[in-house]
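Engineer:
Residue numbers (my numbering): 4 to 510.
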């Protein structure tokens with residue numbers, strides 16, 4: 004007869020025993036052998052003496068939301084159209100690492116061995132050679148667009164698309180030339196271009212395409228638009244050195260678009276800087292939960308009128324004015340302390356104030372310095388006002404919320420890409436940068452789907468992935484006689500959170 008498990012209750016506690024029937028040949032009778040298994044915890048035996056050894060406790064909780072997204076949105080099926088099962092598993096493992104505990108490939112295997120991901124996403128080991136080979140494979144195959152089409156088809160997303168472009172180059176060093184576009188074309192020619200597809204209905208990313216030359220990216224985007232390959236779509240590009248020409252092309256084609264131009268862009272700068280709310284009050288509105296003032300206007304792009312909105316943030320202006328005035332006062336005091344020769348006063352202002360010298364002028368026909376109130380007013384207006392240009396049927400809410408969303412996605416993508424490159428320092432990455440960017444995009448896409456679920460669940464106090472992981476990080480798997488999840492009793496909050504992510508996975 005086969006062994007079976009029996010529960011014995013001793014002093015109110017339940018214990019599990021393995022019972023093995025056997026035939027006693029000397030007496031010809033059936034007897035039983037009893038072997039103690041452990042205390043009954045959720046149907047599993049746990050022995051007090053069998054304290055888990057190092058390597059027998061695995062992290063699980065923080066990976067449950069990611070695992071739910073992968074299953075719910077069928078990432079495996081979509082990626083299998085372009086990659087082998089082993090490559091798919093490794094892609095998702097590396098993307099998970101970038102979300103939870105980013106590390107270099109040489110440490111990724113150590114991280115992976117302490118998680119339960121080997122059981123959740125089987126089929127791959129993230130050793131350095133495998134990771135670099137994967138990055139090379141992704142960079143050399145034109146399959147990223149196929150993944151985007153397949154995941155949209157499998158999940159039956161709507162046909163409405165916002166085509167967003169993003170950048171992964173830090174343009175802050177070129178800030179002085181931002182208004183007319185960046186002229187450093189030779190320097191930026193090799194900048195990666197990423198075209199992201201966004202479904203505005205549910206508010207989620209649905210895929211991307213990547214090119215290794217930014218100039219080609221713009222040409223391809225215009226080709227996609229003119230061919231109608233993505234029907235019912237609108238373009239939402241970032242602002243960079245191609246944008247002035249891009250806007251003219253879009254206006255000529257009559258294709259729907261939204262763009263947030265720089266305040267120094269000539270067709271909009273006058274509207275932003277010279278709008279006096281005392282003479283032209285604007286429209287009171289609410290944006291992102293705060294009181295704002297809105298103005299619609301017409302900008303001339305070439306010879307074509309293009310509609311736009313300017314959004315003034317009074318609360319933001321107060322904060323900017325406070326910091327700005329404090330900084331100007333410090334500079335003013337330093338100039339007054341150093342002033343001793345009226346003939347060199349202009350040089351002193353430039354030396355002390357630096358790029359902010361335009362906010363100070365000499366007193367007329369006297370020694371001393373006063374503030375340039377006109378320039379200060381213009382600068383505060385520039386910093387406290389947002390502007391969009393658009394073509395199509397868009398409200399101000401559509402325009403500003405979509406441009407804010409694009410900026411947040413770009414910020415996350417840039418941050419992940421920069422961190423990944425840092426973790427690959429010492430390696431030649433020029434030929435694998437498309438693979439790096441695609442894994443970063445998968446990470447951003449998964450994070451966005453998790454946060455969308457959190458928003459649906461109305462967990463207002465969970466505002467980031469890190470906050471969510473902090474709630475679930477104590478949930479682990481102990482591999483003793485049989486794998487068991489600890490703690491045996493989850494908190495009510497943990498149970499509520501997990502109910503939105505498919506509950507505890509089977510171990």
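No residue lacks a Cβ here, since even glycine has one placed at the ideal position from N, Cα and C.
Measuring alpha carbon to alpha carbon, tell me which of 310, 382, 196, 419 ends up nearest residue 323.
Structural biologist: It is 382.
Engineer: Mind checking whether residue 446 and residue 419 have CB atoms under 8 Å apart?
Structural biologist: Yes, these two residues count as a Cβ contact at 8 Å.
Engineer: Straight-line CA distance for residue 297 to residue 272?
Structural biologist: If I take the Cα positions, the gap works out to 16 Å.
Engineer: Nearest CA to the CA of residue 332: which residue from 321, 349, 315, 355?
Structural biologist: Answer by Cα proximity: 355.
Engineer: Going by alpha carbons, who is nearest to residue 112 out of 93, 167, 308?
Structural biologist: It is 93 whose Cα lies nearest to the Cα of residue 112.
Engineer: Just how far apart, CA to CA, sit residue 116 and residue 61?
Structural biologist: Whole-angstrom Cα-Cα distance: 8 Å.
Engineer: Against chain D, does residue 47 count as a neighbour if the rule is that its beta carbon must be under 8 Å from one of theirs?
Structural biologist: Although the question refers to chain D, the structure presented lacks it and comprises just one protein chain.
Engineer: Going by alpha carbons, who is nearest to residue 375 out of 362, 386, 366?
Structural biologist: Nearest option by C-alpha distance: 362.
Engineer: Measure the alpha-carbon distance for residue 208 versus residue 237 and round it to whole angstroms.
Structural biologist: Their backbone Cα atoms lie some 14 Å apart in a straight line.
Engineer: Tell me where the alpha helix (DSSP H) around residue 102 begins and ends.
Structural biologist: Run containing residue 102: 88 to 103, per the alpha helix (DSSP H) assignment.
Engineer: Leaving out the 5 sequence neighbours to the left and right, which residues in its chain are closer than 7 Å to residue 26 when beta-carbon positions are compared?
Structural biologist: Answer for residue 26: 33, listed in chain order.
Engineer: Among residues of its own chain, excluding the 5 on either side of residue 141, which ones have a beta-carbon nearer than 6 Å to its beta-carbon?
Structural biologist: Cβ within range, chain order: 438, 441.
Engineer: Going residue by residue through the region 240 to 288, where are the continuous alpha helix (DSSP H) segments of at least 4 residues, counting only ones entirely within it?
Structural biologist: For the region 240 to 288, whole alpha helix (DSSP H) runs of length 4 or above, ordered along the chain, are 246 to 256, 269 to 277.
Engineer: Taking the alpha-carbon positions, what's the residue 512 to residue 432 distance?
Structural biologist: As shown, the chain starts at 4 and ends at 510. That puts residue 512 outside it, with no answer to give.
Engineer: Just checking residue 292 against the ligand FAD - is the residue's beta carbon closer than 7 Å to any of the ligand's heavy atoms?
Structural biologist: You won't find the ligand FAD in this model; it holds no ligand whatsoever.
Engineer: Shortest alpha-carbon distance to residue 285 belongs to which of 270, 317, 330?
Structural biologist: Here the closest residue by C-alpha is 317.
Engineer: With a threshold of 16 other CB atoms inside 10 Å of the CB of residue 7, please say whether the residue is buried or exposed.
Structural biologist: Exposed, because fewer than 16 other Cβ atoms sit within 10 Å of the Cβ of residue 7.
Engineer: Checking the sheet assignment: what are the DSSP bridge partners for residue 208?
Structural biologist: Residue 208 is bridged to 201.
Engineer: Look at residue 304 and residue 254 and say whether their C-beta atoms are less than 8 Å apart.
Structural biologist: Their beta carbons are under 8 Å apart, which means residue 304 touches residue 254 by this criterion.
Engineer: Could you tell me whether the region 150 to 159 touches the region 72 to 85, using the rule of 3 or more Cβ pairs below 8 Å?
Structural biologist: Yes: the two stretches touch, three or more of their Cβ pairs being nearer than 8 Å.
Engineer: Quick check on residue 68: buried or exposed, where buried means 16 or more other Cβ atoms within 10 Å of its Cβ?
Structural biologist: The residue is buried, with at least 16 neighbouring Cβ atoms inside 10 Å.
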